[in-house]
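Input: a single structure, listed below in structure tokens.
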DNA sequence: AGTATTTGTTCTAAATAGTAGAGTATTTCT
DNA sequence: AGAAATACTCTACTATTTAGAACAAATACT
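Residue numbers (our numbering), protein chains in the order written: chain A, 1 to 118; chain B, 119 to 236.
Here it is as structure tokens:
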């Protein structure tokens, strides 16, 4: 009875988006996710990239969405809010655990023992 | 003068492979990378997946390879050893830094207010 | 009212990354 | 020589990432 719960992995960007959604809480929607990512790490992602990822994440059941109402500001049209599901949090936790194992003991910095080059 | 040093990011699996190479040190070659990954995180990757990723990583300049000699054991044919370049370490460092920022303050665990599960 | 501007999402197309597995080389053991 | 073991190559395919134009809806301005 292989309880192989799928290859619990996340694409690199899916990982980023999921974390950002959690960060933004109830203020997470396409545009805000985009600017938050741009703010947190220096990476300018197109808006299309955000939505395709959000959609895929929803297909996988890692996020769910709800439609909001328009706000009273110029162009403030209805937003589509996203939130991370329990399943999404679980996979995030697993990915994190794997990363911790993989990074454990890895020392980047100085190539000390490399035999003084040559 | 945009010193845009590329979108320093790494695919999810590239990330894993790079870390594993560092772990294995001078004993890193296709087959050992595969079994090491399988050992560290529970993930059974095909051998083909390992090599295509290794090749791609080499194209990007994140790893370099050298050919070893055959060892005196049944089937011990010549191995192709891989090592992470300075550039590879650099990108790894950047990815790590980004991940740290993204995870900062993110609390997964208890959905306290979620209404007792379900 | 009519139109420009702004905020926001959809859709489409294309490039990059991830994955499996069969095929090919060697090498030792019997 | 033939079998078994270790290792790498190659090919094909699927999934993820990415950009940007198109579309929608709401307010601001004249």
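C-beta atoms are modelled at their ideal positions from N, C-alpha and C, and glycine is treated no differently.
Check this for me: beta carbons of residue i and residue j, under 8 Å apart or not?
i: residue 206/B; j: residue 136/B; result: yes
i: residue 220/B; j: residue 45/A; result: no
i: residue 129/B; j: residue 12/A; result: yes
Quick check on the burial criterion: 16 or more other C-beta atoms within 10 angstroms. Buried or exposed for residue i?
i: residue 156/B; result: exposed
i: residue 168/B; result: buried
i: residue 152/B; result: buried
i: residue 184/B; result: exposed
i: residue 104/A; result: exposed
i: residue 189/B; result: exposed
i: residue 170/B; result: exposed
i: residue 98/A; result: buried
i: residue 123/B; result: At residue 123/B the pLDDT is 44, less than 50, meaning the model places this residue with poor confidence; the figure from the coordinates comes in the next sentence. Classification for residue 123/B: exposed.
i: residue 138/B; result: buried
Out of the options, which has the shortest C-alpha to C-alpha gap to residue i?
i: residue 127/B; options: 139/B, 166/B, 175/B, 151/B; result: 175/B
i: residue 63/A; options: 71/A, 92/A, 41/A; result: 92/A
i: residue 227/B; options: 22/A, 13/A, 12/A, 11/A; result: 22/A
i: residue 36/A; options: 75/A, 16/A, 53/A; result: 16/A
i: residue 54/A; options: 95/A, 14/A, 106/A; result: 14/A
i: residue 213/B; options: 43/A, 59/A, 80/A, 32/A; result: 43/A
i: residue 32/A; options: 80/A, 74/A, 90/A, 59/A; result: 80/A
field: Three or more C-beta pairs below 8 Å linking the segment 22-29 of chain A and the segment 78-94 of chain A
entry: Segments in contact, yes.
task: Could you run through the segment 22-39 of chain A and flag, in chain order, every residue whose CB is less than 7 Å away from some CB of chain B?
output: Under the 7 Å Cβ criterion, the segment 22-39 of chain A contributes 22, 23.
task: Residues of the segment 163-184 of chain B with a CB closer than 8 Å to any CB of chain A: list them in chain order, please.
output: Of all residues in the segment 163-184 of chain B, none comes within less than 8 Å of chain A when Cβ atoms are compared.
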